[in-house]
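In our numbering, the protein residues as written are -10 to 199.
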């Protein structure tokens, strides 16, 4: 909406300038049109609508304000302040790489096709925007792999492939990791799904032979 209003203002300004400079026609009316165009352009830069599931991080000449803008209509100083949207909805991050680890008995095990569901805490939106380069990659492969390996080593061969054991433990370990990397509960880990977990082929073969 801001963009459309701004375009309308620019069109009005251009129309008024054309009438004065090129057509030399109705200069008084053209001046009014130009002033109206300026007013509309300023109006288009004076507000931001925050949709549901988002917060707005307000900056003044690049300086981040700690207080975020909430959903709905929010006014701002045109050309001085900006409001940047931060997604606070639940987001899924898929880890496609194979993560190797060991059970409590040192038995090699791996996991693939891992899906992490998390959510950016609204109260941490401004801090994360100011301190994290890319909010779209707040959960990466290395972070998940490290947390999963920590979970694996606490489980036995009898329980590690049981999703009811390993997935909640991964959530706990990953929550601890993101708390340490970012800040306390800045990112909330909601769920973890491990679609494939299995032992090293030699172990499976030994079990089959046994």
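Heads up, the beta-carbon is just placed ideally off N, CA and C, and yes, glycines get one too.
It should be emphasised that the depicted structure is a prediction, and the values quoted were computed from it without experimental measurement.
Subject >> Uninterrupted beta strand (DSSP E) stretches inside the region -6 to 52 (no shorter than 3 residues) >> reply: 36 to 39, 43 to 49
Subject >> Backbone secondary structure at residue 109 - three-state DSSP >> reply: To locate residue 109, count along the chain shown from 1; it is residue 120. Strand at residue 109.
Original post:
For residue 51, which option in 72, 106, 32 has the closest C-alpha, if you only look at C-alpha atoms?
Top reply: On the chain shown, position 62 is the one that residue 51 refers to. Nearest of 72, 106, 32 to residue 51, Cα basis: 72.
Original post:
For residue 186, is the beta carbon positioned less than 8 Å from some heavy atom of the ligand NAP?
Top reply: For the structure depicted, the ligand NAP is absent and the ligand set is empty, with no information on it obtainable.
Original post:
Ends of the beta strand (DSSP E) at residue 80?
Top reply: By 1-based counting over the chain shown, the position of residue 80 is 91. That run of the beta strand (DSSP E) goes 80 to 84.
Original post:
Under 9 Å, do residue 124 and residue 104 count as touching if we go by C-beta distance?
Top reply: Counting from 1 along the chain shown, the entry for residue 124 is found at position 135. Counting from 1 along the chain shown, the entry for residue 104 is found at position 115. Contact flag unset, no.
**OP:** Note down the Cα distance separating residue 57 from residue 18, rounded to an integer number of angstroms.
**Re:** Here residue 57 refers to the residue found at position 68 of the chain shown. Here residue 18 refers to the residue found at position 29 of the chain shown. One C-alpha to the other measures close to 42 Å.
**OP:** Give every residue of the same chain whose Cβ lies closer than 6 Å to the Cβ of residue 138, excluding the five residues on either side of it in the sequence, and list them in chain order.
**Re:** Numbered from 1 along the chain shown, position 149 holds the residue referred to as residue 138. A distance below 6 Å between beta-carbons, with the five flanking residues on each side excluded, links residue 138 to the following residues of its chain, in chain order: 90.
Original post:
Alpha carbon to alpha carbon, what distance is there between residue 170 and residue 190?
Top reply: Locating residue 190 in the chain shown gives position 201, where the first residue counts as 1. Locating residue 170 in the chain shown gives position 181, where the first residue counts as 1. For residue 190 and residue 170, the distance between alpha carbons rounds to 35 Å.
Subject >> residue 154 in three-state terms, based on DSSP >> reply: Along the chain shown, read from residue 1 onward, the residue named residue 154 stands at position 165. Reduced to three states, the DSSP call for residue 154 is helix.
Original post:
How long is the line joining the alpha carbons of residue 144 and residue 163, rounded to whole angstroms?
Top reply: Sequence index remark: in the chain shown, residue 144 carries index 155 (1-based). Sequence index remark: in the chain shown, residue 163 carries index 174 (1-based). Distance between the alpha carbons of residue 144 and residue 163 is about 16 Å.
Subject >> Sequence-distant residues of its chain with Cβ nearer than 8 Å to residue 70 (five each side left out) >> reply: Against the chain shown, residue 70 aligns to sequence position 81. Within the same chain, residue 70 has close Cβ partners 47, 48, 49.
Subject >> Pairwise C-alpha distance: residue 166 and residue 80 >> reply: Here residue 80 is taken as the residue at index 91 of the chain shown, counted from 1. Here residue 166 is taken as the residue at index 177 of the chain shown, counted from 1. If I take the Cα positions, the gap works out to 18 Å.
Subject >> Coil, strand or helix - residue 93 by DSSP >> reply: Start at 1 with the first residue of the chain shown, and residue 93 comes out as number 104. Taken through DSSP and simplified to helix, strand or coil, residue 93 comes out as coil.
Subject >> Whole-number beta carbon distance between residue 117 and residue 136, since they are thought to touch under 8 Å >> reply: Within the chain shown, residue 136 is the residue found at index 147, counting from 1. Within the chain shown, residue 117 is the residue found at index 128, counting from 1. The C-beta distance from residue 136 to residue 117 rounds to 19 Å, too long to fall under 8 Å, and the pair is not in contact.
Original post:
In this structure, what does DSSP give as the bridge partners for residue 143?
Top reply: For this step, residue 143 is matched to residue 154 along the chain shown. Looking at the DSSP assignment, residue 143 forms no beta bridge with any residue, so it has no partner.
Original post:
For residue 2, which option in -7, 85, 142, 26 has the closest C-alpha, if you only look at C-alpha atoms?
Top reply: Working through the chain shown from its first residue, we reach residue 2 at position 13. Looking at the Cα atoms, 26 is the closest of the given residues.
**OP:** Go to residue 120, then tell me how far its alpha helix (DSSP H) extends in each direction, as first and last residue.
**Re:** Translated into the one-based positions of the chain shown, residue 120 becomes position 131. From DSSP, the alpha helix (DSSP H) with residue 120 extends over 114 to 120.
Original post:
Would you call the CB atoms of residue 67 and residue 35 closer than 9 Å?
Top reply: Working through the chain shown from its first residue, we reach residue 67 at position 78. Working through the chain shown from its first residue, we reach residue 35 at position 46. Cβ distance < 9 Å, so residue 67 and residue 35 count as in contact.
**OP:** Sort out for me which residues DSSP pairs residue 186 with in a bridge.
**Re:** Here residue 186 refers to the residue found at position 197 of the chain shown. BP columns for residue 186 point to 100.
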